[in-house]
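Chemist: So that we are looking at the same thing, I have put the structure below in structure tokens.
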Amino acid sequence: MQVAYYQENVISLSTFEREKWQQLYNASIRQQVTCIHCQSPMRFQISICEPPTFIHTRATEECIHTAKVMETKLSNKLNEAEIEINNINGFNLPVKKTITDSQSEHEGHWKEPENARALPTFNKTHSSTHSWTGYRQTLADSGILLDDAQWSAVTTTEGPLLILAGAGSGKTRVLTTRTAYMLTELHYAPKEFILVTFTAKAAKEMKERMAIYPGIDASILRQLMIGTFHSIFYKILLHHDPQTWAPSSLLKMDWQRQAMIKEAGREITLDEKEFAFDQALTQISWWKNHLLSPEQVEATSPWEEKVSYLYKRYEEMRKSKGMFDFDDMLLGVYDLFLEQPQILQRYQKRFSYVSVDEFQDTNKVQYELLTMLTKSKNICVVGDDDQSIYAFRGSDPTYILNFNRAYPNAKTVILDQNYRSNHEIVSVANNVIATNRTRFQKELVAQRSTTNVPFLFFPYDEEEEATMIVTDMKQKIEKGSKPSDFAILFRTNTSARALVERLIESTLPFQLEIDGESFYRRKAVRKVLSYMKLSINPDDTEAIKELIGALFLKQQVVQEVKALSIINDCTLVEALPLIQGLQPFQLKKLQSLPGKFKELIKQSPLDAINFIEQEMGFADYVKKQGNEGNKMERGSDDVRDLKVVANLHETIVGFLDYINHMIAKYDEHRTQKTTDEAIQLLTIHRSKGLEYNHVYIVGAVEGGLPHDYALDAWREGNDKPLEEERRLMYVAMTRAIDTLAISIPSRRKGKKAIRSRFARELNRLAASTKSTVRG
């Protein structure tokens, strides 16, 4: 059905404003949308692949007939250029909505999904057709099948070897099979090997894989050195200097490190509630992994100047207490090898064969350690420059791109057969990544083709995007899919807000793979909400603490405000103008606040946020934070996202009640035991190495994916961040096995959005492809 009764009016989806569809959806859940004939509640369905409609589960013939008659009457009326509100059969009818030229094609109306077009003809490739012999046949008999390129990598055992392993090409299988081949067929000593990876999970998987190979027993496994960079090199430190590097001296928890830099921050009067100390720790770690001491750091912004001071004092405090952090483990070995070359020589002799997984993620200190160790030049590195996505941690694809320069005699093997995704997904991923200029020229080849062509879909905004995805997943689950078949991937944690809320409201099980607090506990959001809370309760002590920071006052003022409130028998808000020792402009601003708080409570949530920004000075606070903050963190983005939620609510009280409910549900969900049978919500960074039958990529618009900071760098002539964003898109696309859906919302954070360049690139055939394009 296309018509319903809502708020004492007949509404038609052909005229009902698109920006209010989500409100209508929410109202239908509350049973406030009814049939125009029988008044039974109807559900408003917004999905990806089908036009929006009202679902009437108890519709009679009369209901259907009445709806059709009304739809016809409305359709006839809408053929006129303009109509006024009319009364037909006792029902008030809407005014026709005119779509202006400035609105995008799909902003005013639902638009059908757009299938990817640039798809080359599928030609299935085969491995080799001749009979296998020896160890390769032994492996095949055990269910371990290798194509010719994989077998070439396995049997290359001496000298430097670069294995370029595309997404889904079986790189872990190749790395472990090569080691097993060298141990069982060539009888190398297991103590000569070191296999390095980046995560404990990957190291565990590698050990488990090694155990399945013919001829590999427990005694061999015990002698193999398999682990992460940190675990392997920490053992070296512990062996040579157990007192300095005792486990009890490790700063394991972030709060331990934060306590030190917060103490240092007080020395330069950094407000604990205002300064991003967690981001400062990330920056310090980046400097350390680039072998930059505090004296070598050259700050490029006021924020970095503050962090460089914290870095210097952190190092001084850490050393005075005899403590070390995880970064120091690698730096410690680096210094040990430099200062005591005889120890380095000992390990060079022992580890004759070095294998490194995910080599594209290597940072400077890790690369230097590997270079030191591999005097024999028997180094095998496995990775994919197209999947280098950890620059914020210090990783640099230059090391894999320049491997052949560092090792001129290196052999390169390209694993280009993708055993995960269908041909259609692989093709569009190839199209996107081919635009990057700094990469090895290669192209993935899929093993199968299906009718599931990747597509773009077009929600109005983040709210409707979440509703569409949840509806689509429900429809697929009803047809037999499992919740664990689905993954929703996003660029940043804040992009998950609407999705989390929609899933909380649904009955679908989901797992949220992100760090940090609820969106509503982010700094800028907390402060906006503090204004609203104080408009309702001017004595809210927690809200006044947040407000103080937004007013550019120190937290010590809070106690003074409390005391003034008691002495003068007034509310905390009324006590603000009584603060002593302020500049005239500060006092003038505080004197106006009590009256403005009284105005604030009368407004809708959306108008209230605009009022807080423009009339109560919050825009100045956000601007100052943006100038001094980290380039990836923009408080203004959070405020715009809050406005999107606010627009769905009519009163401040109702808005705050909703937020409190969502915070409680979020906390409840975080404490629940994880289950394997759940929809996965995760950032693209966290999705790397994983795979799912059905993948949704959200927010594929300029400023979202690619991120704003990369576009800013690109405009200044730096292509590297934008190329990494494209690699992120490539990683996200190649997580999909069967279906891939990419969302292009027409509005993002309340502003008109432009389709991501990556979404445009997926319809440009990769340059090396010389096949027919099918539409």
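Using full-length UniProt numbering, read the sequence shown as starting at 1 and increasing by one per residue.
In this text, a Cβ means the ideal position worked out from N, Cα and C, and glycines have one as well.
1) Quick one: what does DSSP say Lys191 is sitting in, helix, strand or coil?
2) Within its chain, find whatever has a CB closer than 7 angstroms to the CB of Val157; leave out the 5 residues flanking it on each side and keep chain order.
3) Name the one or two DSSP bridge partners that Tyr6 has.
4) Provide the residue(s) that pair with Ala487 in DSSP beta bridges, ordered along the chain.
5) In angstroms, rounded to a whole number, what distance separates the CA positions of Val174 and Asp357?
6) Does DSSP classify Asn115 as helix, strand or coil?
7) Return the residue from the list Ala299, Leu682, Phe324 that minimises the CA-CA distance to Pro242.
8) Does Ile55 pass the burial test, meaning 16 or more other C-beta atoms within 10 Å, or should it be called exposed?
9) On the three-state DSSP scale, how would you describe Leu161?
10) Return the Cβ separation of Arg439 and Val470 in integer angstroms, given the expectation that the two are a contact with Cβ distance under 8 angstroms.
11) CB Ser687 to CB Ala487, shorter than 8 angstroms?
12) Reducing DSSP to helix, strand and coil, say where Cys380 ends up.
13) Leaving out five residues on either side along the sequence, give the residues of the same chain with a beta carbon under 7 angstroms from the beta carbon of Gly699.
14) Below 8 angstroms between beta carbons: does that hold for Tyr334 and Glu368?
15) With distances taken between CB atoms, is the gap from Leu553 to Tyr531 smaller than 8 angstroms?
16) Is DSSP giving Phe585 helix, strand or coil here?
17) Does the count of Cβ pairs from the stretch 758 to 767 and the stretch 467 to 482 closer than 8 angstroms reach three?
18) If we call anything under 8 angstroms between Cβ atoms a contact, is Arg58 one with Ser40?
19) Find out if the Cβ-Cβ distance for the pair Thr734, Ser421 is shorter than 8 angstroms.
20) Taking the C-alpha atoms as reference points, what is the distance between Gln559 and Thr541?
21) Would you tell me roughly how many angstroms separate the C-alpha atoms of Thr450 and Asp328, rounded to the nearest one?
22) At which residue ranges does the stretch 428 to 486 contain complete alpha helix (DSSP H) runs of 4 or more residues, listed in the order of the chain?
23) Just to confirm, is the Cβ distance from Phe233 to Phe198 under 8 angstroms?
24) Note down, in chain order, each residue of its chain lying with its Cβ closer than 6 angstroms to the Cβ of Ile544, except the 5 sequence neighbours on either side.
25) Using alpha carbons as the reference points, say which of Glu267, Leu444, Thr362, Asp638 lies closest to Lys751.
26) The beta strand (DSSP E) that contains Glu513, what's its start and end?
27) Am I right that Val426 and Asn418 are in contact with their C-beta atoms under 8 angstroms? What's the rounded C-beta distance?
28) Hey, how far is the Cα of residue 781 from the Cα of Ala211?
29) Would you tell me roughly how many angstroms separate the C-alpha atoms of Met379 and Tyr353, rounded to the nearest one?
30) Inspect the beta-carbon positions of Val365 and Leu331 and report whether they are closer than 8 angstroms.
31) Helix or strand or just coil, what does DSSP make of Arg735?
32) Mind listing, in chain order, the continuous beta strand (DSSP E) runs of no fewer than 3 residues lying wholly within the stretch 13 to 78?
33) CA-CA distance, Leu593 and Asp386?
34) For the candidate residues Thr683, Val154, Trp132, His109, whose alpha-carbon lies nearest to that of Lys411?
Modeler: Result, derived from the coordinates:
1) Within the sequence shown, numbered from 1, the residue matching residue 191 stands at position 191. The answer is helix: DSSP assigns Lys191 an H, G or I state.
2) For this step, residue 157 is matched to residue 157 along the sequence shown. First, the residue type needs correcting, since residue 157 is Thr and not Val in the sequence shown. So the list reads Met182, Leu186, once near-sequence residues are dropped.
3) Residue mapping note: residue 6 aligns to position 6 of the sequence shown, counting from 1. Partner(s): Asn9, Val33.
4) As a first step, residue 487 is located in the sequence shown; it is residue number 487 there, counting from the start. DSSP output for Ala487 lists Gln680, Val695 as bridge partner(s).
5) As a working note, residue 174 is residue 174 in the sequence shown. As a working note, residue 357 is residue 357 in the sequence shown. Their backbone Cα atoms lie some 10 angstroms apart in a straight line.
6) On the sequence shown, residue 115 is found 115 positions in, with the first residue counted as 1. If DSSP states are grouped into helix, strand and coil, Asn115 belongs with the strands.
7) As a position in the sequence shown, residue 242 is number 242, starting the count at 1. With respect to the C-alpha of Pro242, the residue from Ala299, Leu682, Phe324 having the closest C-alpha is Phe324.
8) As a working note, residue 55 is residue 55 in the sequence shown. Its Cβ having fewer than 16 others within 10 Å, Ile55 is exposed.
9) Position 161 of the sequence shown, counted from the start, is the residue given in the question as residue 161. Leu161 falls in the strand class under three-state DSSP.
10) Counting from one through the sequence shown, the residue named residue 439 turns up at place 439. Counting from one through the sequence shown, the residue named residue 470 turns up at place 470. Contact between Arg439 and Val470 is ruled out by a C-beta separation of about 36 angstroms, above the 8 angstroms threshold.
11) Against the sequence shown, residue 687 aligns to sequence position 687. Against the sequence shown, residue 487 aligns to sequence position 487. In this structure, Ala487 lies closer than 8 angstroms to Ser687 by Cβ.
12) Residue 380 sits at position 380 when you count from the first residue of the sequence shown. DSSP places Cys380 in strand when its eight states are reduced to three.
13) Counting from 1 along the sequence shown, the entry for residue 699 is found at position 699. Correct list, in chain order: Phe490, Arg491, Ser495, Leu705, Ser743, Pro745, Arg748.
14) One-based indexing of the sequence shown puts residue 334 at position 334. One-based indexing of the sequence shown puts residue 368 at position 368. Judged by beta-carbon spacing, Glu368 lies within the 8 angstroms limit of Tyr334, meaning their Cβ atoms are closer than that value.
15) Residue 553 sits at position 553 when you count from the first residue of the sequence shown. Residue 531 sits at position 531 when you count from the first residue of the sequence shown. Not closer than 8 angstroms, so no.
16) In the sequence shown, residue 585 corresponds to position 585, counting from 1. Helix, per DSSP.
17) No: the two stretches stay apart, fewer than three of their Cβ pairs being nearer than 8 angstroms.
18) To locate residue 58, count along the sequence shown from 1; it is residue 58. To locate residue 40, count along the sequence shown from 1; it is residue 40. Yes.
19) Taking the first residue of the sequence shown as 1, we reach residue 734 at position 734. Taking the first residue of the sequence shown as 1, we reach residue 421 at position 421. Judged by beta-carbon spacing, Ser421 lies within the 8 angstroms limit of Thr734, meaning their Cβ atoms are closer than that value.
20) Reading the sequence shown from its first residue, position 559 is the one you call residue 559. Reading the sequence shown from its first residue, position 541 is the one you call residue 541. Going from the Cα of Gln559 to the Cα of Thr541 covers about 10 angstroms.
21) The residue given as residue 450 occupies position 450 in the sequence shown. The residue given as residue 328 occupies position 328 in the sequence shown. The alpha-carbon atoms of Thr450 and Asp328 are separated by roughly 50 angstroms.
22) Runs of the alpha helix (DSSP H) inside the stretch 428 to 486: 462 to 478.
23) On the sequence shown, residue 233 is found 233 positions in, with the first residue counted as 1. On the sequence shown, residue 198 is found 198 positions in, with the first residue counted as 1. No; because the gap between Cβ atoms is not below 8 angstroms, this pair is not in contact.
24) Walking along the sequence shown from the start, residue 544 turns up at place 544. Cβ within range, chain order: Leu572.
25) Within the sequence shown, numbered from 1, the residue matching residue 751 stands at position 751. Comparing Cα-Cα distances from Lys751 to each of Glu267, Leu444, Thr362, Asp638, the minimum goes to Asp638.
26) On the sequence shown, position 513 is the one that residue 513 refers to. For Glu513, the enclosing beta strand (DSSP E) begins and ends at 510 to 513.
27) In the sequence shown, counting from the first residue as 1, residue 426 sits at position 426. In the sequence shown, counting from the first residue as 1, residue 418 sits at position 418. That pair is a contact at about 5 angstroms.
28) One cannot answer for residue 781 here, as it falls past the ends of the chain, which runs 1 to 775.
29) In the sequence shown, the residue the question calls residue 379 occupies position 379. In the sequence shown, the residue the question calls residue 353 occupies position 353. Correcting the residue identity first, residue 379 is Ile in this sequence and not Met. Cα to Cα, Ile379 sits roughly 6 angstroms from Tyr353.
30) The residue you call residue 365 lines up with position 365 of the sequence shown. The residue you call residue 331 lines up with position 331 of the sequence shown. Cβ atoms of Val365 and Leu331: closer than 8 angstroms.
31) What you label residue 735 is simply residue 735 of the sequence shown in a count that begins at 1. The answer is coil: DSSP assigns Arg735 none of H, G, I, E or B.
32) List check, beta strand (DSSP E) in window: 43 to 45, 53 to 55.
33) Along the sequence shown, one-based indexing puts residue 593 at 593. Along the sequence shown, one-based indexing puts residue 386 at 386. Going from the Cα of Leu593 to the Cα of Asp386 covers about 53 angstroms.
34) Numbered from its first residue, the sequence shown carries residue 411 at position 411. Answer by Cα proximity: Val154.
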